[in-house]
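To keep things clear, I will list the structure first and then write my remarks on it.
2 protein chains.
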Amino acid sequence: MNLKQLSHMLALSQTTVSRALNGYPEVNEETRRRVMDAAKRHGYRPNPSARRLATGKTGMIGYVLPTGTTVDIDPHFVEFLSGLGDYARSHELDLVLSPADADDQETTYRRIVANRQVDAVYISSPRPADRRVALVNTLGIPFIVHGRSEGLDFDYPFTDIDNEGAFHEAARLLVQLGHRRLALINGDGRETFAIHRERGVRRAMAASSLVLGEGDVCSLAMTEENGYRAARRLLERSDAPTAIACSSLIMALGVVRAVRDLGLTIPGDLSLIAHDDVFPWLKPENFSVPLSTTRSSIRLAGARVAERLAARISGSEQGARGEVWPVDLVIRGSVAGAPT
Amino acid sequence: MNLKQLSHMLALSQTTVSRALNGYPEVNEETRRRVMDAAKRHGYRPNPSARRLATGKTGMIGYVLPTGTTVDIDPHFVEFLSGLGDYARSHELDLVLSPADADDQETTYRRIVANRQVDAVYISSPRPADRRVALVNTLGIPFIVHGRSEGLDFDYPFTDIDNEGAFHEAARLLVQLGHRRLALINGDGRETFAIHRERGVRRAMAASSLVLGEGDVCSLAMTEENGYRAARRLLERSDAPTAIACSSLIMALGVVRAVRDLGLTIPGDLSLIAHDDVFPWLKPENFSVPLSTTRSSIRLAGARVAERLAARISGSEQGARGEVWPVDLVIRGSVAGAPT
DNA sequence: TCGAAACACCAAAGCGCTTTGGAAGGCTCT
DNA sequence: AGAGCCTTCCAAAGCGCTTTGGTGTTTCGA
Numbered sequence: 010m011n012l013k014q015l016s017h018m019l020a021l022s023q024t025t026v027s028r029a030l031n032g033y034p035e036v037n038e039e040t041r042r043r044v045m046d047a048a049k050r051h052g053y054r055p056n057p058s059a060r061r062l063a064t065g066k067t068g069m070i071g072y073v074l075p076t077g078t079t080v081d082i083d084p085h086f087v088e089f090l091s092g093l094g095d096y097a098r099s100h101e102l103d104l105v106l107s108p109a110d111a112d113d114q115e116t117t118y119r120r121i122v123a124n125r126q127v128d129a130v131y132i133s134s135p136r137p138a139d140r141r142v143a144l145v146n147t148l149g150i151p152f153i154v155h156g157r158s159e160g161l162d163f164d165y166p167f168t169d170i171d172n173e174g175a176f177h178e179a180a181r182l183l184v185q186l187g188h189r190r191l192a193l194i195n196g197d198g199r200e201t202f203a204i205h206r207e208r209g210v211r212r213a214m215a216a217s218s219l220v221l222g223e224g225d226v227c228s229l230a231m232t233e234e235n236g237y238r239a240a241r242r243l244l245e246r247s248d249a250p251t252a253i254a255c256s257s258l259i260m261a262l263g264v265v266r267a268v269r270d271l272g273l274t275i276p277g278d279l280s281l282i283a284h285d286d287v288f289p290w291l292k293p294e295n296f297s298v299p300l301s302t303t304r305s306s307i308r309l310a311g312a313r314v315a316e317r318l319a320a321r322i323s324g325s326e327q328g329a330r331g332e333v334w335p336v337d338l339v340i341r342g343s344v345a346g347a348p349t
Numbered sequence: 010m011n012l013k014q015l016s017h018m019l020a021l022s023q024t025t026v027s028r029a030l031n032g033y034p035e036v037n038e039e040t041r042r043r044v045m046d047a048a049k050r051h052g053y054r055p056n057p058s059a060r061r062l063a064t065g066k067t068g069m070i071g072y073v074l075p076t077g078t079t080v081d082i083d084p085h086f087v088e089f090l091s092g093l094g095d096y097a098r099s100h101e102l103d104l105v106l107s108p109a110d111a112d113d114q115e116t117t118y119r120r121i122v123a124n125r126q127v128d129a130v131y132i133s134s135p136r137p138a139d140r141r142v143a144l145v146n147t148l149g150i151p152f153i154v155h156g157r158s159e160g161l162d163f164d165y166p167f168t169d170i171d172n173e174g175a176f177h178e179a180a181r182l183l184v185q186l187g188h189r190r191l192a193l194i195n196g197d198g199r200e201t202f203a204i205h206r207e208r209g210v211r212r213a214m215a216a217s218s219l220v221l222g223e224g225d226v227c228s229l230a231m232t233e234e235n236g237y238r239a240a241r242r243l244l245e246r247s248d249a250p251t252a253i254a255c256s257s258l259i260m261a262l263g264v265v266r267a268v269r270d271l272g273l274t275i276p277g278d279l280s281l282i283a284h285d286d287v288f289p290w291l292k293p294e295n296f297s298v299p300l301s302t303t304r305s306s307i308r309l310a311g312a313r314v315a316e317r318l319a320a321r322i323s324g325s326e327q328g329a330r331g332e333v334w335p336v337d338l339v340i341r342g343s344v345a346g347a348p349t
């Protein structure tokens, strides 16, 4: 059932039927009702390929997925996706993932924009002076950055959490509890979020004339194994830290294992605070010693990004507004005063 | 730069240029070279929207993503996606995720097929007599099932791992080691993979005249917390199992925690074998007691599914061939003879 | 009563590609 | 030399929608 058939059946022109269906004003309400009714009754759905050729609108949002045998997709991605999908579903949006060589995403961005494959894109895990952000900005496709870049000479729309503030608060608490030697087990140091978190810790320490030494911060991919290795390295030093801030729950698993392997205890020998993106399958309160966390639901962020993308597509959002969400600090058993 | 401009610039018809570019035989090789050359020089890329309207081919594969605030996307998904993306990238395929109400995926399947939004789809986490499989089969779109359904009155193409065989082997080993009371901490019991795994365990036990009691199998969503709860429930019984087979590494984390909480040890009091889908961020060899596993890379499965989908789209694969991959049994420190 | 504005509708021209149905020219073969 | 066949190209008709640029009919103010 296509438009021609439907309009023929209604003894109307395609123009009128199309307009009736798309809510244009220049059509009699009575006629519109007839058209709407017939469309529903015959299950008419405009062919998206045709509509898309005519309008350029696709009803899809895009994401360039870095791939490669050595590239691991972040497990956070799936939670973000949950939120995004949740919103997208209620607005009849689809998401298209365009796999790209991790080292050459630019080609793919150019392709999807040139081909008008999607109405908008989002960018995640941005880095300082991120070239992808600069690229999509000049290409002129609507976009939202999940996270922030830095040092770009233009403004752009983003949704981020207050990573610096979160880790500032966490470190401040630890310092207040008497800890003098802190360490940070961070994510990939090239990403902005990691930089912000480090900045937060440093700022809190500086307020008490403490410094985070070169060896006190580990920036690694967020795996359990890396958490373990980093913790071992830190804790086996003679001036081992008495408190650690950790960028992910998964790494925290490794930290806990290292602590146990070394015959130490939490929080007796080490206080630990980790960032929690809120996974349904791994909860900080269920750690053998309940884990204090800086908490922010990445799923909600996904929904929000989708919402803003939709708003940008429809034109109801414009400009380069960035929004920064506060992060909760949740205290549980894994922190205590510094050992004397 | 569109076809009309390009053909005009070459003083050829659109027909000829189109055919030259698409490798049709009825065009002079010399001409083809000229066309190809000009196309490359001017960066001509056929507009996919137009091509798609004309041919119906989209260059995309589809996946219906169940969503909802109470629905959690499996973290396995992201690993599968890695593999899929890896293959898709090298074949210029994109993946479109269509979010759907988890309780009504049928509408979405019908929509993407009716709208010809994708060339093929894959279905994951199938259940016995899965309606989605039946649906896409009748809708006539090329598809591959990742996993298997059961009790369908037709054959269909799938790629699955030998879940039954894997858990049969695991249980057989445990029985050989003298264990008499086994338990299974499984995934969602409505899914085929879970049924197969249970079947494997039962078969191995039956061979030694053992049975898996009603209370010896827990079928739950694969979270750390559920692993913990299930293990506690099992281990606090007077006739606690001396060996557990577990369907996921994440649940195994919970099992290990429960064992520790109860003051028991692995493998002294409990032998544990878990299924490992091979996550980069959580490895069985890094468990405090290295975990024995049935191992199968879900990432490779993703790549294989993509490969088969591409083959089906191009027509080079047909029929309902199902393939079942063997699973490795990897013995590590978490298994030992039954306590006496 | 007339002209203008408002209303309700339509024919046809895109959007940019593929594909059908030729057609012109050169070749072979008898 | 003429029939028949390749080879190589082309004009035009789709694909199914939106949108432009109207037309005919009412309504309304002056």
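Protein sequence lines correspond, in order, to chains A and B. Per this note's numbering, residue 10 is the first one in the first sequence, and the count goes up by one each step. Per this note's numbering, residue 10 is the first one in the second sequence, and the count goes up by one each step. Idealized CB from N, CA, C, for every residue including glycine. In this text, all values refer to a predicted model and were calculated from it rather than measured experimentally.
By a beta-carbon distance limit of 8 Å, LEU191/B does not contact ALA175/B. Their separation comes to about 15 Å. In this structure, the alpha-carbon of ASP128/B lies about 12 Å from that of ARG317/B. The Cβ atoms of TRP290/A and ILE307/B lie no closer than 8 Å to each other. Think of a sphere of 9 Å around the beta carbon of LYS292/B: the chain A residues whose beta carbon falls inside it are THR232, GLU233, GLU234, in chain order. Per DSSP, the unbroken beta strand (DSSP E) holding HIS284/B starts and ends at 280 to 285.
When the beta-carbon positions are compared, PRO108/A and THR147/A stay at least 8 Å from each other. For ILE150/A, the CB contacts under 7 Å within the same chain, skipping 5 residues up- and downstream, are VAL122, ALA129, VAL130 in chain order. ARG120/B sits in a helix when the DSSP states are folded into three classes. Fewer than three Cβ pairs drawn from the stretch 319 to 334 of chain B and the stretch 284 to 302 of chain B lie within less than 8 Å of each other, which leaves the two stretches out of contact.
Scanning chain B for C-beta atoms nearer than 7 Å to the C-beta of PHE202/A yields nothing, as the closest lies near 17 Å away.
Residues of the stretch 107 to 130 of chain A whose Cβ lies closer than 7 Å to any Cβ of chain B, in chain order: SER107, PRO108, ALA109, ASP110, ALA123, ASN124, ARG125, GLN126. Distance from the CA of GLU245/B to the CA of LEU182/B, rounded to the nearest whole angstrom, comes to 24 Å.
Rounded to the nearest angstrom, the gap between the Cα atoms of ASP81/B and ARG125/A is 31 Å. Contact annotation for TYR53/B against chain A: no contact, minimum CB-CB distance about 11 Å [criterion: below 7 Å]. A contact is defined here as three or more CB-CB pairs under 8 Å, and the stretch 253 to 268 of chain A fails this definition with respect to the stretch 328 to 337 of chain A.
Taking all protein chains in view, the Cβ of TYR33/B is surrounded by fewer than 16 other Cβ atoms within 10 Å, so the residue is classified as exposed. Pairing GLY198/B with SER228/B gives a Cβ-Cβ distance under 8 Å.
If you draw a straight line from the Cα of ALA312/B to the Cα of GLY224/B, it comes to about 38 Å. The three-state reading of DSSP puts ASN146/B in helix, counting H, G and I together. Contacts with chain A (Cβ-Cβ distance below 7 Å) from the stretch 171 to 202 of chain B involve no residue at all. If the five residues before and after GLY160/B are omitted, its C-beta is found closer than 6 Å to the C-beta atoms of PRO137, ALA138, all from its own chain and listed in chain order. Between ALA97/B and ALA249/B, the C-beta gap is not smaller than 8 Å, which leaves the two residues out of contact. According to DSSP, residue pairing for SER133/B in a beta bridge involves HIS155/B.
Within 8 Å of the CB of TYR165/B, no CB atom of chain A is found; the nearest one sits about 25 Å away. Rounded to whole angstroms, the gap between the alpha carbons of GLU38/A and THR116/B is 29 Å.
At a Cβ-Cβ threshold of 8 Å, ILE282/A and SER305/A do not count as neighbours. For GLN327/B, the CB contacts under 8 Å within the same chain, skipping 5 residues up- and downstream, are ARG321 in chain order. Taking 8 Å as the CB threshold, VAL87/A lines the interface with chain B. Look at VAL127/B here: in three-state DSSP terms it is coil, with no helix or strand label. The Cβ atoms of VAL145/A and TYR118/A lie closer than 8 Å to each other. For the stretch 43 to 85 of chain A, the full-length alpha helix (DSSP H) segments reaching 4 residues or more read 57 to 64 along the chain. CA-CA distance, GLY92/A to VAL36/B, rounds to 51 Å. From the beta-carbon of SER343/B, no residue of chain A is found nearer than 9 Å; the closest lies around 14 Å away.
Rounded to the nearest whole angstrom, the CA to CA distance from ALA111/B to SER22/B is 50 Å. The way I'd put it, the stretch 50 to 57 of chain A does touch the stretch 10 to 20 of chain A; three or more beta-carbon pairs between them come closer than 8 Å. The Cβ of ALA97/A sits closer than 8 Å to at least one Cβ of chain B.
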